[in-house]
Amino acid sequence: MQANPQENRYARQALLPDLGREGQAMLARARVVIVGCGALGSVAAELLGRAGVGLREAGGELRLIDRDIVEWTNLHRQTLYAEVDALAGRPKAAAAQDAIQRINGDVNAMGMVADCTSTTILDLVGAAPTVLLDGTDNFETRFLLNDVAVKQGVPLVYAGAVATKGMLATILPAWEVGAEAPAWSPGPCLRCLIDVPAPGSTETCDTAGVLGPVSAAVASFQAVEAIKIMLGRFDLLRRHVLEFDPWHREFNRLAMDAPDPKCPCCGGRRFEFLEALAGAGSVVLCGSDAVQITPKVVASVDLAALAGKLAQMGTFEATPWMVRGTLEGEACDEACDGDGQSLRLSVFADGRAIVHGTRRIERARAIYAKYVGQ
Ligand SMILES: [Zn+2]
238 MQANPQENRY
248 ARQALLPDLG
258 REGQAMLARA
268 RVVIVGCGAL
278 GSVAAELLGR
288 AGVGLREAGG
298 ELRLIDRDIV
308 EWTNLHRQTL
318 YAEVDALAGR
328 PKAAAAQDAI
338 QRINGDVNAM
348 GMVADCTSTT
358 ILDLVGAAPT
368 VLLDGTDNFE
378 TRFLLNDVAV
388 KQGVPLVYAG
398 AVATKGMLAT
408 ILPAWEVGAE
418 APAWSPGPCL
428 RCLIDVPAPG
438 STETCDTAGV
448 LGPVSAAVAS
458 FQAVEAIKIM
468 LGRFDLLRRH
478 VLEFDPWHRE
488 FNRLAMDAPD
498 PKCPCCGGRR
508 FEFLEALAGA
518 GSVVLCGSDA
528 VQITPKVVAS
538 VDLAALAGKL
548 AQMGTFEATP
558 WMVRGTLEGE
568 ACDEACDGDG
578 QSLRLSVFAD
588 GRAIVHGTRR
598 IERARAIYAK
608 YVGQ
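Here is the structure:
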């Protein structure tokens, strides 16, 4: 028997000329933060854990942040989780931490069951990560993460998957005037690339569905980009947004030119999501079992289109001022008004929404992200 049966654990990977033993040590020392441990985050976390990223003895860390619990509808694509997790309703961050520990006990996996908001995200991400991975399912958290990346000068690997399409872009942020220059030449940030969508205008996995192998493919690309960053091989990163659809065998590259000088985030260094514009937020409504959600950036909602999308999820109607109806797959909280019935959702033309049948802000925010989407 070998003296150290784990000695050759990374041998096949370390054979790659761009990696080697030295590269393996860089992966071990890295401090990686994955925000959102769903279809993308759980696959990326597994691949990075297996690759020997964030090892305890090297002072590294693989931090896994998520606010949700494992549900049956997650299991077809979220590969770290099993039926026992859905049965027990375990938080994804805790289930992911345990799963990584079983796969590679040397990894310093740190699951954090928490909602990333403008007030919590900086503490949750922690000091000086090597790279951030976007595993989120909504634009609000995504732009919040972009603000953190640009403010702190940390690379961010953005990814998304919906239906049979995936999207990937690596954000190498510009730095503040006077700050020490990083090892990369800066490119556009997410705000340069994507306009803040009007609430309800984007498809989500909950409205358009998603094919498991597609989200796994996107997460694999994301893990590859993160590994290049951990190795300091910024020369290997390509400056384009990759869009692909394995179902239709289509690959597109969209140019990622220089940062947009008019970008409020990386150009103006105004962190609108992190600084939470006045009026934004979520509150439990007095005297009723309902939570009001106010989007961070107000944009007008196409009510007819939203009603059409939500019609697949329950009974919805559009009025000139709002879309309202019941979400058949979502039960009201126990002891709330409507106990035993489905949650009711109302979305107003300014993007504001009220979720009836819960007093839990985190649940209402998750419902908003799932069914309205921003
Ligand atoms: Zn920008």
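The working numbering puts the sequence shown at residues 238 to 611.
The beta-carbon is built from N, C-alpha and C at its ideal position, and this holds for glycine as well.
Note that this is a predicted model, so its numbers are computed, not measured.
- The alpha-carbon separation between GLU440 and GLU259 amounts to approximately 43 Å.
- Nearest C-alpha to LEU285 among VAL368, GLU571, ALA568: VAL368.
- Listed by position in the chain, the residues whose beta carbon lies within less than 5 Å of some heavy atom of ligand 1 are CYS426, ARG428, CYS429, CYS500, CYS502, CYS503.
- For GLU298, DSSP records a beta bridge to ARG268.
- CA-to-CA, the gap between LEU381 and PRO557 works out to about 31 Å.
- Between GLN529 and LEU359, the alpha-carbon positions lie close to 24 Å from each other.
- Annotation: SER579 to GLY348 spans about 31 Å, alpha carbon to alpha carbon.
- Below 8 Å, too few C-beta pairs join the segment 487-499 and the segment 364-378 to call them touching: fewer than three.
- Less than 9 Å separates the beta-carbon of ASP322 from that of ALA332.
- Boundaries of the beta strand (DSSP E) around PHE553: 551-555.
- When the five nearest sequence neighbours on each side are left out, the beta carbons in the same chain lying within less than 7 Å of the beta carbon of GLU487 are those of PHE481, in order along the chain.
- Residue pairing from DSSP places ASN489 in a beta bridge opposite GLU480.
- If you look at ALA333, you'll find it in the alpha helix (DSSP H) that goes 329-340.
- Counting along the chain, no alpha helix (DSSP H) covers GLY390, and no H or E run does either.
- DSSP places ARG287 in the uninterrupted alpha helix (DSSP H) bounded by 276-287.
- Here the C-alpha atom of VAL455 lies approximately 41 Å from the C-alpha atom of ASP574.
- Sequence-distant partners of ALA603 (beyond 5 residues in either direction) whose C-beta falls short of 8 Å from its own C-beta, in its chain, are ARG304, ASP305.
- Cβ atoms of GLU462 and VAL387 stay farther apart than 8 Å, at about 17 Å.
- The secondary-structure analysis by DSSP pairs GLY397 across a beta bridge with MET404.
- Between GLY551 and GLY562 a beta carbon distance of about 5 Å is seen, short of the 8 Å cut, so the two are scored as contacting.
- Here LEU292 has ALA265, ASP343, VAL344, ASN345 as same chain residues with Cβ atoms under 7 Å from its own Cβ, once five neighbours each way along the sequence are excluded.
- In the DSSP assignment, VAL520 is bridged to GLN529.
- Where THR444 is concerned, the enclosing alpha helix (DSSP H) starts and stops at 442-445.
- Residue pairing by DSSP places LEU292 opposite VAL344 in a beta bridge.
- In the DSSP assignment, the residues bridged to HIS593 are ALA527, ARG581.
- Sorting MET467, CYS429, GLY449 by C-alpha distance to the C-alpha of ALA492 places CYS429 at the top.
- When DSSP states are grouped into helix, strand and coil, LEU382 belongs to the helix group.
- VAL451 is positioned such that its CB atom lies closer than 9 Å to that of THR401.
- In the three-state scheme derived from DSSP, where H, G and I count as helix and E and B as strand, THR310 is classed as helix.
- ALA541 has its alpha-carbon roughly 35 Å from the corresponding atom of ILE302.
- Linking PRO419 to GLY390 through their CA atoms gives a straight-line distance of about 8 Å.
- Under the three-state reduction of DSSP output, GLU565 falls in the strand class.
- THR444 and GLY545 have their C-alpha atoms some 10 Å from each other.
- Rounded to the nearest angstrom, the gap between the Cα atoms of ASP587 and LYS607 is 18 Å.
- Per the Cβ contact rule, the segment 249-259 is not in contact with the segment 270-281 (fewer than 3 Cβ pairs under 8 Å).
- The criterion of a C-beta distance shorter than 9 Å is satisfied by THR378 and GLY273.
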